[in-house]
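Chemist: Please read through the structure below; I'll follow up with questions.
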Amino acid sequence: MTTSPLKLYQKTMDGERSALKEPDTIVQYLPLVKHVAMRIFQRTPPNVELDDLISYGILGLIDAHKKFNQQKNVEFKTYAEFRIRGAILDELRAKDWVPRSVRDKAKRLEEVCIQLELELERQPEDHEIAAAMQLPMADYHKYLNDIKSISFLSLDEIYDHPDGSGDKRVELQLTDDTIPSPFSAALRAELKDHLIDALDKMSEKERLVISLYYYEELTFKEIGQVMGITESYASQIHTQAIVRLKTKLRRRRNKGLVI
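Take 0 as the starting number for the sequence shown in numbering that gives the first Met the number 0 and just add one per residue.
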């Protein structure tokens, strides 16, 4: 039976109260937990419950409060959001909630994209990908909808291996306090350059969806209203954009051009 977020929070606080000097800070940022959980919940299968995601996020918030270093010149909200999201995604991955069939579909799409890029020496258009997969456009859009749950944009997922196992070296290097800050800064700069290069090669439509979703934090419904398209189509564009991004960065990594 699922434990409610409030009960989980109270139970956890009973054990952690002595370690937390300002428990009110935790309560203050609970709405942030719900916000992050809701955004992730939008792209999870029906068997995932929102309360579970909120519970995982609360643990991430508590962890953020315990480990936050004010000397790092980073706002607590920024740090907490990173930890909350990470805690939720870690739990989802640990429970292997994405069906194998979905992973296989995503892997097939990525392989087709890589092959087409090699053949065409440019980023393939949607209709070219659909043709290579021998799918009518309507079926191709359904295909994208079927794999939308794998399109969480996090560093370890962008740099994952073809077999689906995550490579967390980059995430660890970017967040580990024991690594000298100049080295971390260099890694961030290199990653940013590769991301910008990959994003520049996306279509204007894909870049707009990525910008509205990750920077403006709009929902797919709101993005659809802005762009004059359906919520479902906005989600499909997002999925395709993430697949393109992962494909591009994986190719660069395999060539030794990425960390």
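Just so it is clear, CB atoms sit at the ideal spot from N, CA and C, and this is done for glycine as well.
Output yes or no for whether 8 Å exceeds the beta carbon distance between Trp281 and Val47.
Modeler: Residue 281 is absent from the structure shown; the chain starts at 0 and stops at 258.
Chemist: Between which two residues does the alpha helix (DSSP H) holding Lys65 run?
Modeler: For this step, residue 65 is matched to residue 66 along the sequence shown. Run containing Lys65: 49 to 66, per the alpha helix (DSSP H) assignment.
Chemist: Sort Ile209, Ile241, Val242 by Cα distance to Met226 and report the nearest one.
Modeler: The sequence position of residue 226 within the sequence shown is 227, counting from 1. For Met226, the nearest C-alpha among the options comes from Ile209.
Chemist: Please state the DSSP three-state secondary structure of Val35.
Modeler: Indexing the sequence shown from 1 puts residue 35 at position 36. Reduced to three states, the DSSP call for Val35 is helix.
Chemist: Rank Ala240, Ile83, Ile53 by C-alpha distance to the C-alpha of Lys66 and give the top, closest one.
Modeler: One-based indexing of the sequence shown puts residue 66 at position 67. Ranking the options by Cα distance to Lys66, first place goes to Ile83.
Chemist: In the DSSP assignment, find the unbroken alpha helix (DSSP H) run with Gln114 in it and report its ends.
Modeler: On the sequence shown, position 115 is the one that residue 114 refers to. It spans 99 to 119 - the alpha helix (DSSP H) in which Gln114 sits, taken as one unbroken run.
Chemist: Would you say Arg42 and Ser148 are within 8 Å of each other, going by their C-beta atoms?
Modeler: Stepping through the sequence shown from its first residue, residue 42 is reached at position 43. Stepping through the sequence shown from its first residue, residue 148 is reached at position 149. Yes, the pair counts as a contact, with Cβ atoms nearer than the cut-off.
Chemist: Helix, strand or coil for Val73? Go by DSSP, reduced to three states.
Modeler: Translated into positions along the sequence shown, residue 73 becomes position 74. DSSP places Val73 in coil when its eight states are reduced to three.
Chemist: Could you tell me the boundaries of the alpha helix (DSSP H) in which Glu203 lies?
Modeler: Residue numbering aside, residue 203 sits at position 204 when the sequence shown is read from its first letter. From DSSP, the alpha helix (DSSP H) with Glu203 extends over 203 to 209.
Chemist: Quick check on Tyr28: does DSSP put it in helix, strand or coil?
Modeler: Counted from its first residue, the sequence shown places residue 28 at position 29. Tyr28 falls in the coil class under three-state DSSP.
Chemist: Under 7 Å Cβ to Cβ from Gly59, same chain only, skipping five residues before and after it: list those, please.
Modeler: As a first step, residue 59 must be located in the sequence shown, where it is residue number 60. The residues are Arg82, Ile83, Gly85, Ala86, Ile87.
Chemist: Whose C-alpha, out of Ala79, Ala129, Glu205, Val35, is nearest the C-alpha of Leu244?
Modeler: As a first step, residue 244 must be located in the sequence shown, where it is residue number 245. Closest by alpha carbon: Glu205.
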